[in-house]
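Just so you know, the sequences run in chain order A and B.
Residue 298 is where the first sequence ends in this note's numbering, and the numbering goes up by one at each step.
Residue 1140 is where the second sequence ends in this note's numbering, and the numbering goes up by one at each step.
Don't be surprised by glycine CBs; every beta carbon is placed ideally from N, CA and C.
Since the structure comes first, as structure tokens, the remarks are kept for the end.
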Amino acid sequence: MNGLSVHFEGVSKTYPHFTLDNLSLELPTGTIMGLIGANGAGKSTTIRILMGLVHQDQGRVDVLGREMPREQAAAKLDIGYVSEDMRLYAPATLAWHMKLIRSIYPRWDQPYADTLLRRFDLKSHQKIKGLSHGQRVKAALLLALARRPRLLVLDEPTTGLDPVARQEVLAELMAVLADEDRTILFSSHNTLDVEQISDQITFIDRGRIIASDNKEMFLDRWRRLRLALLPDAVLPSLSGVVEVGGSGRLPVLVTDRFDPAMVSVCNDAGATVQAVDPMTLEEIFVANVHSRREKQSV
Amino acid sequence: MSTVYTQYRNMHSDIVISQSDGRPMYLQIMEQIRQRIAVGDWLPGKEIPSIRELAVMLRVSVITVKRAYLELERDGIIVTQQGKGSMVAPDPGLGAKLYDQELTKHIDRVAQLGELLGLTPRELASRVREAADRMTKEYS
């Protein structure tokens, strides 16, 4: 199947202290989308609506061609979901959990589960209560992956993991994508993980999507220009500048629509371009949030 | 699925993506593939990993590898056939072309440094000639 695995259209949800506002989102099949936002930005609410755990007040949600929340039972057969607040049954072993899941989901892949046990360095006879945080996360991920779901939804999958476990988890997520019919949506505030493995990136802030695009577009369009103004020169006004910082004679511009022509415009106006720096996803996210919040408060 | 992953991981584990390298990941991938071809590790006509395989192996997004492949294809270094995957372009002059690109890059750098030192183009040219003469002597 090609097309959209997740489709949100004009989705809203109002709580007493938080509103998810008119969210539209498209996730093509075969890709990974990273959802980035500060704590409380609306990432988890978005994911819960996607899973049918929370019902939207307005708007349409389709997941794997099923309308949510109406057809959630059918959709969930093909969705693997791991979230931070999901608890495994502490007195039982991982083997007990595997048996339980296998009895519910016919597509459970035991050889793959065994491979994952080895790769994640987990022991199936160990009780959940004896596992570290990182081992619990990997155990939950194993239980979701071995069902071979067409859509994986992961809420903060790498939070609290040590560097080795993080790399193991990222490698396994990429391995899922070797099959182009599988799709992953994950939320994180670790922008480094998102930058590494995501095809699509969506920034959420204060209940709104402030940007959603493919990663290469983000990284290509955002640049930081470090300038040196000649005496008497004035900073030329450029379109697409979202932030002006630095000191009087040494301004620093941030743009979300970089065009090489900007450099010559600056140079011609006596604002010598010292450097054009690419920005990390983290810097792009922060600059994006700041510029939106400033616009809102004006 | 898992076997493919392991296999390519071993085969091409020499491609390294550095997070602390300031350059975008797609450029790092392009450069390392170029080098592999320039030194003859990847021969003309040789099949190379598909976009998805390389992405899985390097643990970077499909879209990043796709971008690197598209640009390599535009430069005539690899050829991608729909449904058949990608291979090193069969063009026999490829090695020379790559060295030529490399040379252009270094000459630009030489010109930059020359300007910083205040050398005239003539002085710069004579320095390059001296270096070339030294090479010729060493190898003769």
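- The straight-line gap separating the alpha-carbon atoms of A:L219 and A:V63 is approximately 28 angstroms.
- With a minimum length of 4 residues, the unbroken runs of alpha helix (DSSP H) contained wholly in the region 1085–1118 of chain B fall at 1094–1117.
- Rounded to whole angstroms, the gap between the alpha carbons of B:Y1099 and B:I1017 is 23 angstroms.
- Note that the C-beta distance between A:V265 and A:V276 is not below 8 angstroms.
- Taking CB atoms only, B:R1109 has no neighbour in chain A less than 8 angstroms away.
- Counting along the chain, A:P28 sits inside the beta strand (DSSP E) bounded by residues 19–28.
- Counting along the chain, A:S12 sits inside the beta strand (DSSP E) bounded by residues 4–14.
- The shortest C-alpha to C-alpha distance from A:P260 to any of A:G240, A:I32, A:F8 is the one to A:G240.
- Using a CB distance below 7 angstroms, the part of the region 273–297 of chain A facing chain B consists of P278, ordered along the chain.
- Secondary structure at A:R60: strand, using DSSP grouped into helix, strand and coil.
- When Cβ-Cβ separations below 8 angstroms define contact, A:S198 makes contact with chain B.
- At the C-beta level, A:F186 and A:G34 come within 8 angstroms of one another.
- Put simply, the region 103–114 of chain A does not touch the region 186–197 of chain A. Fewer than three CB pairs are less than 8 angstroms apart.
- Here A:I32 is near A:S198, since their CB atoms are less than 8 angstroms apart.
- Considering only beta carbons, the part of the region 1056–1086 of chain B lying closer than 9 angstroms to chain A consists of V1056, M1057, L1058, R1059, V1060, S1061, V1062, I1063, T1064, K1066, R1067, in chain order.
- Between the alpha carbons of A:L25 and B:R1122 lies a distance of about 60 angstroms.
- Burial is judged here by how many other beta carbons sit within 10 angstroms of a residue's own beta carbon; B:I1033 has at least 16 and is buried.
- In this structure, the CA atom of B:Y1026 is about 19 angstroms from the CA atom of B:A1089.
- From the listed residues A:L235, A:L88, A:T159, A:W222, the smallest Cα separation to A:A144 is found for A:L88.
- For A:F285, the enclosing alpha helix (DSSP H) covers residues 281–297.
- Secondary structure note for B:V1079: its beta strand (DSSP E) is the uninterrupted segment 1078–1081.
- For A:A171, there is no enclosing beta strand (DSSP E); the residue is part of the alpha helix (DSSP H) that begins and ends at 163–176.
- In the DSSP annotation of this structure, B:E1053 is not part of any beta strand (DSSP E); the continuous alpha helix (DSSP H) holding it starts and ends at 1051–1058.
- Contacts with chain A (Cβ-Cβ distance below 9 angstroms) from the region 1028–1060 of chain B involve R1052, E1053, A1055, V1056, M1057, L1058, R1059, V1060, listed in chain order.
- In terms of CA proximity to A:D85, A:L154 leads the group A:V61, A:L154, A:T255, A:R293.
- For the region 171–189 of chain A, the set of positions with a beta-carbon nearer than 8 angstroms to some beta-carbon of chain B reads A171, M174, A175, L177, A178, D179, E180 in chain order.
- Counting only residues of its own chain and dropping the five nearest sequence neighbours on each side, A:L151 has a CB closer than 8 angstroms to the CB of S5, V6, V63, L64, D78, I79, G80, R182, T183, I184, L185.
- A:F258 has its alpha-carbon roughly 18 angstroms from the corresponding atom of A:R292.
- Under the DSSP assignment, A:F258 falls outside any beta strand (DSSP E); it carries neither an H nor an E label.
- The three-state secondary structure of A:F186, taken from DSSP, is strand.
- Within chain B, no C-beta atom comes nearer than 9 angstroms to that of A:N267; the closest sits roughly 16 angstroms away.
- Just so you know, the alpha carbons of A:L161 and A:R119 end up roughly 15 angstroms apart.
- Restricted to the region 50–121 of chain A, the alpha helix (DSSP H) segments that are unbroken, complete and at least 4 residues in length are 72–76, 94–104, 110–119, listed in chain order.
- Contact check for B:V1079 and B:E1071: beta-carbon distance about 13 angstroms, past the 8 angstroms limit, so the pair fails to qualify.
- Exposure of A:G245 is indicated by the presence of fewer than 16 other C-beta atoms within 10 angstroms of its C-beta.
- Per DSSP, A:L235 lies in no alpha helix (DSSP H) segment and is marked neither H nor E.
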